[in-house]
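First comes the structure, then the notes that go with it.
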Amino acid sequence: MNAIIEKFVSDKNIALIGVSADKQKFGNALLHELSKKGYTVFPVHPLLAEVESIKCVPDVKTLPENVKNLIVAVNPLVAEQLIPQLKDSSIKRIWLHRGTGKGSGSAAAIESCKENGIEVVYGFCPMMFFSPSGIHRFHFWMRKKFGKVPAEFTL
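Residue 309 in our numbering is what sits at position 149 of the sequence shown, and the numbering runs on without skipping anything.
In C-alpha cells form, the structure reads like this:
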C-alpha cells in the first residue's frame with residue numbers, strides 16, 4: 161500500500177467525492193486542507209456547481225485526463241456503487257477515507273477496486289500522509305507506534 165500512498169502524495173491533481181453545501185462535512189475539510197497544501201482538487205458533485213469557490217465536476221467521467229487519483233469520503237454503500245464507474249474514467253487510484261468511524265471502505269468496495277484494476281488505499285485518513293500537521297500528525301504517530309500504518313512508511 162505504501163507505493164500507492166506515495167503516488168497519491170506526489171501527484172498534485174486529486175479528485176474528491178464527499179464535498180457538500182454543508183461546510184461542516186469532512187469532505188469540505190479535505191478540500192480546504194489539500195488546497196492549502198498546494199494540491200489542485202477537483203470536487204465531484206452531481207448537483208453543486210461549486211463548493212468553497214471551487215468549480216465542481218458532475219461525475220468522474222468528466223474529470224480532466226491528468227487526474228488519476230480520487231479520494232472518497234462518503235458512505236461505503238455509495239462508494240461501492242461508484243467504483244464500477246471508474247473503469248471508464250481517468251482514475252487509476254482510489255483512497256477510501258477512514259477517520260474515526262467506519263469510513264468509506266468496505267470489503268465489497270475494496271474487492272471491486274481490485275476487480276476493476278484500480279489501486280486502492282483504505283483504512284486511513286489521507287490527511288495523515290499529505291504533509292500532516294496538528295491532530296493528523298499525532299494520529300499518524302499513534303498508528304505508526306502501534307503498527308497500524310504500513311511499516312515502511314515514515315514522515
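Glycine is no exception: its CB is placed at the ideal position from the N, C-alpha and C atoms.
Here the structure is a predicted model, which means the values were calculated and not measured.
Boundaries of the alpha helix (DSSP H) in which residue i is found, first to last residue
| i | result |
| --- | --- |
| E271 | A267 to E275 |
| V238 | P236 to L242 |
Contact under 8 angstroms by Cβ, residue i with residue j
| i | j | result |
| --- | --- | --- |
| L223 | V201 | no |
| G187 | A239 | no |
| I278 | R253 | yes |
| I174 | N229 | yes |
| L190 | M287 | yes |
| I231 | H257 | yes |
Option nearest residue i by Cα separation, candidates the options
| i | options | result |
| --- | --- | --- |
| S213 | S180, Q245, V227 and S170 | S180 |
| L246 | F284, S266 and E275 | E275 |
| G265 | F289, M287, I164 and Y282 | Y282 |
| K172 | S195, Q184 and E210 | S195 |
| L237 | K183, S272, S249 and K215 | S272 |
| G198 | L208, Q184, V169 and K185 | V169 |
| E225 | H192, I251 and M288 | I251 |
| V137 | E193, S249, F289 and Q241 | Past the boundaries of the shown model lies residue 137; the chain is included only from 161 to 315, so the question cannot be answered. |
| F289 | K183, D182, E193 and E210 | E193 |
| K167 | I243, V227, Q241 and L242 | V227 |
Residue i, DSSP secondary structure in three states
| i | result |
| --- | --- |
| H254 | According to the sequence as given, residue 254 is Ile; it is not His. Residue state, collapsed to three classes: strand. |
| V281 | strand |
| E312 | Reliability fails at E312, whose pLDDT of 43 lies under 50, so the model's placement of it is uncertain and the value that follows must be treated cautiously. Of the three classes helix, strand and coil, the one that applies to E312 here is coil, per DSSP. |
Below-8 angstroms beta-carbon distance, residue i vs any chain C residue
| i | result |
| --- | --- |
| K172 | No chain C appears in this structure, which consists of one protein chain only. |
Query raised in the report: Which ranges would you report for the beta strand (DSSP E) in the region 161 to 231 if only whole runs of at least 3 residues count?
Result: 173 to 177 and 200 to 204
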